[in-house]
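Numbering (the UniProt record's numbering), first residue to last: 1 to 145.
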């Protein structure tokens, strides 16, 4: 029997059980994968998704986005306020961790950065850097500072 036919006949309880078992298997596989394997898997997944989205028509895209929006709304209505606050707290912690990593990366890079200038880094955004108008003139050498 084809998978589609089997799934059409399964009850909601059977479906929930099948999906829970699938989640456990996926979690086990993902727990064993290295960071390189994870990166490769996500890159391949992004390429496949981009390819599929690139081939869809504007009406298909609109329909996909509307369906996704509907699923998001339904998901939000099912989530309790405590779950929502926990999710927001987790998201806030992830953002703070990400910002701290970025600051640490910039601070680590700032050491001797005058000799290792990287044009990709926006030094003006760093809290340790003060860039202002060059409206003062050195009385000894006439350099602007």
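We treat Cβ as the ideally placed atom computed from N, Cα and C, and that holds for glycine. Since the model is a prediction, treat every value here as computed from it, not as a measurement.
Which two residues bound the contiguous alpha helix (DSSP H) that contains residue 6?
-> Along the chain shown, one-based indexing puts residue 6 at 6. Element bounds for residue 6: 3-9.
In chain order, which continuous runs of the alpha helix (DSSP H) of length 4 or greater are located wholly inside the stretch 60-123?
-> Along the stretch 60-123, the alpha helix (DSSP H) occurs as fully enclosed runs of 4 or more residues at 81-110, listed in sequence order.
State the Cα-Cα distance for the pair residue 91 and residue 34, rounded to the nearest angstrom.
-> As a first step, residue 91 must be located in the chain shown, where it is residue number 91. As a first step, residue 34 must be located in the chain shown, where it is residue number 34. Near 24 Å, if we compare the C-alpha coordinates of residue 34 and residue 91.
Take residue 2 and list the residues in its own chain whose beta-carbon comes closer than 7 Å to its own, dropping the five residues that flank it on each side.
-> Taking the chain shown and counting its residues from 1, the one referred to as residue 2 is at position 2. The beta carbon of residue 2 sits closer than 7 Å to no other beta carbon from its chain once the five residues preceding and following it are set aside.
Measure the alpha-carbon distance for residue 5 versus residue 47 and round it to whole angstroms.
-> The residue labelled residue 5 in the question sits at position 5 within the chain shown. The residue labelled residue 47 in the question sits at position 47 within the chain shown. Cα to Cα, residue 5 sits roughly 30 Å from residue 47.
Tell me where the alpha helix (DSSP H) around residue 31 begins and ends.
-> Translated into positions along the chain shown, residue 31 becomes position 31. Note, residue 31: alpha helix (DSSP H), 12-32.
Host alpha helix (DSSP H) of residue 39 (start-end) = On the chain shown, residue 39 is found 39 positions in, with the first residue counted as 1. Unbroken alpha helix (DSSP H) run through residue 39: 35-55.
Alpha carbon of residue 74 to alpha carbon of residue 43, nearest angstrom | By one-based count along the chain shown, residue 74 stands at place 74. By one-based count along the chain shown, residue 43 stands at place 43. Whole-angstrom Cα-Cα distance: 29 Å.
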